[in-house]
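Numbering (our numbering), first residue to last: 208 to 405.
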């Protein structure tokens, strides 16, 4: 069964490019230590993919400030990942990277997360995994649609807020510091009355 919200994230051990070195990554090693944003993309050396990967890399401090690690994953080999990391940005390369790129050469990870297409590549799936190793949010885009790093950070903020403020929930478009809703029929009225006046 593929990954589902509120279920434990399928574990994996795989080769990855970290910096410009090969390392093995085990997802469960992050459990209890870091939130994980695991995202899948179709292929190295393509067109939308480098824009997303670079966008995550350029914002890595924002993820680390929230106690989160980012992992990118595609069905390419670790050698292809390394060549792409070493290629300059002005030529469609990544020009260095500040988080691991996981190699899913067997396609098992992509299949376990429900993003593998019949053609053998992954959709643009993003999975936000909490400290317990549970999937808390899933977003999947079709191949031509790039994802938003800002939205991924917003979802991570909302998850972390809801974990530390029991009984409160985050409304549509909520951002850090915004009004939340007390989850109860009577308690929620204050939020709705205020929102209706805007």
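Note that CB positions come from ideal geometry on N, CA and C, so glycine has one too.
Reduced DSSP category for residue i - H, G, I as helix; E, B as strand; rest coil
i: residue 222; result: strand
i: residue 316; result: helix
i: residue 323; result: strand
i: residue 308; result: strand
i: residue 282; result: coil
i: residue 392; result: coil
i: residue 233; result: strand
Bounding residues of the alpha helix (DSSP H) (the contiguous stretch that carries residue i)
i: residue 266; result: From DSSP, residue 266 is part of no alpha helix (DSSP H); its letter is neither H nor E.
i: residue 227; result: Neither: residue 227 is in no alpha helix (DSSP H) and is coded neither H nor E.
i: residue 396; result: 396-403
i: residue 213; result: Premise fails: residue 213 is in no alpha helix (DSSP H) and is neither H nor E.
i: residue 360; result: 356-371
Supposed contact pair residue j and residue i - C-beta distance, whole angstroms, cut 8 Å
i: residue 332; j: residue 352; result: With a Cβ gap of about 12 Å, residue 332 and residue 352 do not count as contacting.
i: residue 308; j: residue 322; result: Not really, about 16 Å apart at Cβ, beyond 8 Å.
i: residue 369; j: residue 362; result: That belief does not hold up - the Cβ atoms of residue 369 and residue 362 are roughly 11 Å apart, past 8 Å.
i: residue 356; j: residue 263; result: 6 Å
CB contact flag (residue i, residue j, <8 Å)
i: residue 216; j: residue 336; result: yes
i: residue 248; j: residue 329; result: yes
i: residue 360; j: residue 269; result: yes
i: residue 221; j: residue 311; result: yes
i: residue 339; j: residue 273; result: no
Residues bridged to residue i (per DSSP)
i: residue 242; result: 275
i: residue 331; result: 348
i: residue 247; result: 280
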